[in-house]
Every structure is written in structure tokens, then in C-alpha cells.
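Have a look at the structure below, then the notes.
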Amino acid sequence: MIPNLETMGRWIIILGLAIAIIGGGIWLIARITGWEKFPGTIKWQSGNFTCLVPILGSIILSIVLTLVLNLLVRWFNR
Numbered sequence: 028m029i030p031n032l033e034t035m036g037r038w039i040i041i042l043g044l045a046i047a048i049i050g051g052g053i054w055l056i057a058r059i060t061g062w063e064k065f066p067g068t069i070k071w072q073s074g075n076f077t078c079l080v081p082i083l084g085s086i087i088l089s090i091v092l093t094l095v096l097n098l099l100v101r102w103f104n105r
């Protein structure tokens, strides 16, 4: 069964907008709070190169996204 292309296009647009909104939110939070000051962040500097690895922030973000996606899946499967 081939899905309706109009419906599929609509869902792709909605998914793209959702990703853009989530990305903008993450960018805004990073600008306001500063990831390098977040506990659990490993900062490695060498010359003019800086690498930040926000381990705790990544774990928290993963948990939040898992909860949100699970709620969305349960809501759509009613």
C-alpha cells in the first residue's frame, strides 16, 4: 500500500518544523546558560582548539527527549 503523497509531505514538513523548533530551543538554552559551566562537562583546550563534551547535559537531554517521544507515541496510538 502506497501512502498518500500529500499526507507524507505534510508529515515531513511538520517533522522539519519540530526539529527546527527543538534545535532553536537547544541553541537558546546553550546561549543563556553556557554549556561550559554546566556540571559534568569535560573541557579540553589545546592551542586555538577547544573541545567541550557535555556528558551530563547529553544524558539529561536524552532522558527528556525519550520521555517526550514516548508521550507523543502513546498520544498518537490512542
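When the letters of the sequence shown are read in order and numbered with this note's numbering, they come out as residues 28 to 105. Backbone N, C-alpha and C define an ideal beta-carbon position, used for all residues, glycine too. Note that this is a predicted model, so its numbers are computed, not measured.
From the DSSP output, in three-state form, read off residue i for me.
i: Phe76; result: strand
So, is residue i buried or exposed, given that buried needs 16 or more other C-beta atoms within 10 angstroms?
i: Gly106; result: This structure cannot speak to residue 106, because the chain is shown only from 28 to 105.
For residue i, tell me which candidate among the options has the shortest Cα-Cα distance.
i: Ile53; options: Phe76, Leu88 and Leu42; result: Leu88
i: Ile46; options: Thr34, Leu96 and Ile59; result: Leu96
i: Phe65; options: Leu55, Leu79 and Ser73; result: Leu79
i: Leu99; options: Leu42, Ala57, Pro81 and Ile69; result: Leu42
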